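Okay, structure first, notes after.
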Amino acid sequence: MKILYLADVVGKPGRGMIKHHLKTIKQEHNIDLVIINAENASHGFGVSVKNSKELFAMGIDMMTGGNHSWDKKDILPTLDFEPILRPLNYPSIAPGTGVGYLSVGDEKLAVINLMGHFTMPMVDNPFTMIVAEVERLQNEGYKNIFIDMHAEATSEKRALMMMLQGKVSAICGSHTHIGTDDLEINKGTFYVTDVGLTGCRDGVIGMDKKQPMERFLTSISSKFDVPNSCKKILQGVVFELEDGKCIEAFKIKAYDYEKVEVSQRARVE
Ligand SMILES: [Fe+2]
Numbered sequence: 004m005k006i007l008y009l010a011d012v013v014g015k016p017g018r019g020m021i022k023h024h025l026k027t028i029k030q031e032h033n034i035d036l037v038i039i040n041a042e043n044a045s046h047g048f049g050v051s052v053k054n055s056k057e058l059f060a061m062g063i064d065m066m067t068g069g070n071h072s073w074d075k076k077d078i079l080p081t082l083d084f085e086p087i088l089r090p091l092n093y094p095s096i097a098p099g100t101g102v103g104y105l106s107v108g109d110e111k112l113a114v115i116n117l118m119g120h121f122t123m124p125m126v127d128n129p130f131t132m133i134v135a136e137v138e139r140l141q142n143e144g145y146k147n148i149f150i151d152m153h154a155e156a157t158s159e160k161r162a163l164m165m166m167l168q169g170k171v172s173a174i175c176g177s178h179t180h181i182g183t184d185d186l187e188i189n190k191g192t193f194y195v196t197d198v199g200l201t202g203c204r205d206g207v208i209g210m211d212k213k214q215p216m217e218r219f220l221t222s223i224s225s226k227f228d229v230p231n232s233c234k235k236i237l238q239g240v241v242f243e244l245e246d247g248k249c250i251e252a253f254k255i256k257a258y259d260y261e262k263v264e265v266s267q268r269a270r271v272e
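Using our numbering, you'd call the opening residue of the sequence shown number 4 and step up by one each time.
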């Protein structure tokens, strides 16, 4: 199966890039499943029911979340039945689930959304939790396992990959909004520290530059805003899985409405 994963879709500009490019990407790369991190999809904070429906209608199969999963309150009841994940390591009494299931023909895929600790809300230890969860999925016959590791610290993401290489099919980082160029396939596990945002590229992590600049100059926080018009980028990774192993992976990028290009191929270690 061939999967497209877009991390951190930020606001209307991000949704607009998906609307414009997704059909072509799916056709060009024979994509079976599309997964996005949607925790910033509604004006940078959470995803609303309206925007989630809009994204599903564009051809998204599953959405993951993170620390902003809770920002749009109308989405919370739907987390129990829509394919919208929140990190697994939130307390079990929190709405929703951290593991979702997709399939292509008779091939099954388990998707796990996990969150790091550094600068994040207090959640359960992702490292101890994930070992048990992967074991549970393997016992249930899942070979294809994809993890969206939503974390600030690059070290947490890298350590997770070291722990799970050969045991899961792919680990892609999200949350920083800045893409990294360390794509690799190690013992059949595809890894990239962060895929990077889809949205405005000429602000600060997809947001208008004004508020972050003021915050750093004055140490006074103010609400971040997604600009109405901006220069845009789409960033994603495409990875092909066979019998639980990743056999090929690469990064794709599009600037505004220019052609989508393959920007980097994963190195097979
Ligand atoms: Fe986040």
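By construction, the Cβ of each residue, glycine as well, lies at the ideal position given by its N, Cα and C atoms.
All of these numbers come straight from a predicted model, not from anything done at the bench.
Leaving aside the five residues that flank LYS248 on each side, the residues in its chain whose CB is nearer than 6 Å to its CB run, in chain order, GLY191.
With contacts defined as CB atoms closer than 8 Å, MET4 and GLU136 fail to qualify as a contacting pair.
Cβ contact annotation for ILE223 (same chain, cutoff 8 Å, sequence separation greater than five): GLU217, in chain order. Contact between GLY69 and ASN40 is confirmed by a C-beta separation of about 7 Å, below the 8 Å threshold. Taking a cut-off of 8 Å for Cβ pairs, the segment 233–250 and the segment 193–200 touch, as three or more such pairs fall below it. The alpha carbon of GLY144 has as its nearest neighbour, out of ARG89, SER106 and THR122, the alpha carbon of SER106.
Contact between GLY108 and ASP83 does not hold, since their C-beta atoms are separated by about 27 Å, which reaches or exceeds 8 Å.
Within the segment 73–119, the beta strand (DSSP E) runs of at least 3 residues that lie entirely inside it are, in chain order, 102–107 and 110–118. Nearest C-alpha to MET164 among PRO129, LYS146 and HIS178: PRO129.
LYS22 and ARG270 have their C-alpha atoms roughly 30 Å apart.
Counting only heavy atoms of ligand 1, the residues whose C-beta sits closer than 6 Å to one of them are, along the chain, GLU42, GLY69, ASN70, HIS71, HIS153 and HIS178.
In the DSSP annotation of this structure, the continuous segment of the beta strand (DSSP E) that includes ARG268 starts and ends at 264–268.
ILE28 sits away from PHE149, with the two beta carbons spaced by 8 Å or more. A residue is called buried once 16 or more other Cβ atoms fall within 10 Å of its Cβ, and GLU159 is buried on that count.
ILE115 has its alpha-carbon roughly 13 Å from the corresponding atom of LYS170. Here MET66 carries a strand assignment [DSSP, helix/strand/coil]. A direct Cα-Cα distance of roughly 5 Å separates GLY101 from LEU88.
Under DSSP, MET152 takes part in a beta bridge, and its partners are LEU117 and GLY176.
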